[in-house]
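> What follows is a structure written as structure tokens; I'll ask about it next.
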Amino acid sequence: MRPLSSAAKTAFIFYAVFAVFLLMVDHWIPGIVPAAAPAAAPGQELVFERPGTVDLVFLQDSLDESWGHWLSSRGWRPGDLIRGQEAQLMTREYPRNRLRWVKSRTRLELPAVAEREELVDMAWEWRNLVTSQGLFIRRTDWGVNRGNVWVRLESEARIRLSGKALRLPMAELLISQRLSPGKPLVWNWRGLIPEPHPKLPPAPPPIASQPEPPPQPQSPPPPRPTAAPVRPELPAVQYRAKVALIIDDVGFVRGPADAMLQVPASLTWSVLPFTPYAAEYIEAARERGFEIMLHLPLEPLNAAHNNPGPGLIKAEWPEEQIIRQLDADLAQVPGAVGLNNHMGSAGTHDDRLMEILMKALKERGIFFVDSNTGDGAHPSVAGKYAREYRVPYAKRRIFIDNSSDPESKKNALRQLMALALAEGEAIGIGHVREGTAEAIRAVLPEFAEAGVRIVPVSELVQ
1 MRPLSSAAKT
11 AFIFYAVFAV
21 FLLMVDHWIP
31 GIVPAAAPAA
41 APGQELVFER
51 PGTVDLVFLQ
61 DSLDESWGHW
71 LSSRGWRPGD
81 LIRGQEAQLM
91 TREYPRNRLR
101 WVKSRTRLEL
111 PAVAEREELV
121 DMAWEWRNLV
131 TSQGLFIRRT
141 DWGVNRGNVW
151 VRLESEARIR
161 LSGKALRLPM
171 AELLISQRLS
181 PGKPLVWNWR
191 GLIPEPHPKL
201 PPAPPPIASQ
211 PEPPPQPQSP
221 PPPRPTAAPV
231 RPELPAVQYR
241 AKVALIIDDV
251 GFVRGPADAM
261 LQVPASLTWS
271 VLPFTPYAAE
281 YIEAARERGF
291 EIMLHLPLEP
301 LNAAHNNPGP
311 GLIKAEWPEE
321 QIIRQLDADL
331 AQVPGAVGLN
341 NHMGSAGTHD
351 DRLMEILMKA
361 LKERGIFFVD
371 SNTGDGAHPS
381 VAGKYAREYR
391 VPYAKRRIFI
401 DNSSDPESKK
411 NALRQLMALA
421 LAEGEAIGIG
431 HVREGTAEAI
441 RAVLPEFAEA
451 GVRIVPVSEL
461 VQ
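So the sequence shown is numbered by UniProt numbering: it starts at 1 and just counts up by one.
Below, the structure is given as structure tokens:
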């Protein structure tokens, strides 16, 4: 074997040293090297463990490309359908990572001569493309406005960044079509709009619940929550105001919760952590299309006579213990987009606790709805710290079922409707109690006639 020349030896040493340098850069200065995105698997969150820049812009690019190809395959030119389009580059900084993604909105308008099935086909295909990219459908909604039927789909990315679960709003699509005169207002969504699962064997008679403490679990339980199939009805008038109906205390009882699943409206379910039926009703709510929140137990003023139950956070605790309990409670309600306080007249009055809580909610990207359980002598300070930390926030206006009397519940709902018409929007809170679902169903036609639309509470937080 011939010995290496001097030039070859020099080149070998140079490239060896350069390779070692690159390895050191990759190990010691990870922030310079963007974190590579793992393959997006439908129905699974994306996991990033390495520090650095996480660039999710490719998800929007891939979705746009696939969507354009599909429209072209159906004979549509995107430029003929698009009536509005906007995209915003979003960034978010974390101790070990920097996130980049695109939040977009697209509005398409189908001509009136197009078949009704075309609108449904488009919505279904976009939904399928979104999930194939590893994204999730956050919400599906539809309605009629000024002679146009519309369907809106919102997507989100679910990622785990250095062990922290995050939800990022991504692409939103709105498709509308002018209704042809004289045609009936019926629409076959072919399951696009979430509906409850088929009715199963009936649940045993429920135990009547009380305002404080939460009702005790029933026994024996049926196989899973039940609900008769519900199909929303098209509104006949233009909407003038919005109402959000939060249903508290989900997870302790079955019968009233089963009845609530049959309400044909966009309810928001607030689930108590560490309750026997929480997981079942979270899944049922997801199938039904209800928005899900955590019902966070906080201390009441009269703690000696009212027990908030498991998952309680106390104001006297060290900050680390408060955060640890908050994360444990959130883990009990996967998919929660926000939270509201369970009891908590003392907790929401405590400045230190509210500041710690709002800071944590900001970091986790979820909103807060104040159940407004305090009194004049102990007002809530949650709104003050929500504004300071820029946490989306709203406040309950009316409890709709403080009384067990059916007419009182209906009148409370009418009062909520009047507030919404006067102010543009309002939030009411009910509970999984006997007769509450029936009262809501009875008053829904009055909401529609007045032009008051029931929406997920996330639409009303600011």
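For glycine and all other residues, C-beta sits at the position ideal for the given N, C-alpha and C. Nothing here was measured: the structure is a model prediction, and the numbers come from that model.
Which residue comes first and which comes last in the alpha helix (DSSP H) that contains F368?
That residue, F368, is in no alpha helix (DSSP H); its beta strand (DSSP E) goes F367 to D370.
> Cα separation between Q177 and P392?
C-alpha separation (whole angstroms): 33 Å.
> Could you please give me the residues that DSSP links to E291 through a beta bridge?
BP columns for E291 point to T268.
> Kindly list the residues whose CB is nearer than 7 Å to the CB of P78, restricted to its own chain and excluding five residues on each side of it in sequence; keep chain order.
Only G68 and L71 meet the Cβ criterion.
> Would the stretch 423-431 count as touching the stretch 101-109 if we require 3 or more Cβ pairs under 8 Å?
No contact exists between the stretch 423-431 and the stretch 101-109.
> Please name the residue or residues paired with P169 in a DSSP beta bridge.
Per DSSP, E156.
> So what's H349 in DSSP terms, helix, strand or just coil?
Helix at H349.
> What do you reckon, are the CB atoms on V455 and M293 nearer than 9 Å?
No, Cβ-Cβ distance for V455 and M293 is not below 9 Å.
> Got a sec? Which residues, its chain only, sit under 8 Å from V452 by beta carbon, not counting five neighbours each side?
Result list for V452: Y239, R240, A241, K242, V243, M417, A420 and L421, in chain order.
> Leaving out five residues before and five after L460 in sequence, what residues of the same chain have Cβ atoms less than 7 Å from its Cβ?
Around L460: K242, A244, A394, E425 and I427.
> Following the continuous alpha helix (DSSP H) through residue 471, name the residue where it begins and the one where it ends.
There is simply no residue 471 to check, as the chain begins at 1 and stops at 462 in what is shown.
> Take P211 and list the residues in its own chain whose beta-carbon comes closer than 6 Å to its own, dropping the five residues that flank it on each side.
For P211, the predicted structure reports a pLDDT of 46, less than 50, and the residue's modelled location is therefore unreliable. The matter cannot be settled from this model.
> Output the distance between the C-alpha atoms of E446 and A259, rounded to the nearest integer angstrom.
Approximately 20 Å between the Cα atoms of the pair.
> According to DSSP, is Q415 helix, strand or coil?
Residue state, collapsed to three classes: helix.
> For a quick check, are the C-beta atoms of N340 and I246 less than 9 Å apart?
Closer than 9 Å, so yes.
> So within the stretch 396-462, which uninterrupted beta strand (DSSP E) runs reach at least 3 residues, ignoring any that extend past its ends?
As far as the stretch 396-462 is concerned, its whole beta strand (DSSP E) runs of at least 3 residues are 425-431 and 452-454.
> What runs of the beta strand (DSSP E), each 3 residues or longer, lie entirely inside the stretch 307-344?
Whole beta strand (DSSP E) segments, 3+ residues: 338-343.
> Considering just the uninterrupted stretch of the alpha helix (DSSP H) at A386, what are its terminal residues?
Residues A382 to E388.
> Rounded to a whole number of angstroms, what is the C-alpha to C-alpha distance between G251 and L312?
Cα to Cα, the separation comes out at about 15 Å.
> In whole angstroms, give me the CA-to-CA distance for A328 and E109.
Roughly 45 Å between the two C-alpha positions.
> Ends of the beta strand (DSSP E) at Q60?
Run containing Q60: none in the beta strand (DSSP E); it sits in the alpha helix (DSSP H), V57 to S73.
> When the Cα atoms are used, what is the spatial distance from L296 to P111?
Cα-Cα distance, rounded: 47 Å.
> Should P196 go down as buried or exposed, given a rule of 16 or more other Cβ atoms within 10 Å for buried?
Only weak support is given to the placement of P196: the predicted model assigns it a pLDDT of 37, under 50, and the value that follows is read from those uncertain coordinates. Per the 10 Å Cβ criterion, buried.
> Measure the Cβ-Cβ separation of M358 and E388 and say whether it is below 9 Å.
A contact, by the Cβ cut-off of 9 Å.
> Give the straight-line distance between the Cα atoms of G347 and I322, rounded to the nearest whole angstrom.
Each residue's Cα considered, the two are about 12 Å apart.
> Between which two residues does the beta strand (DSSP E) harbouring A87 extend?
It spans I82 to E93 - the beta strand (DSSP E) in which A87 sits, taken as one unbroken run.
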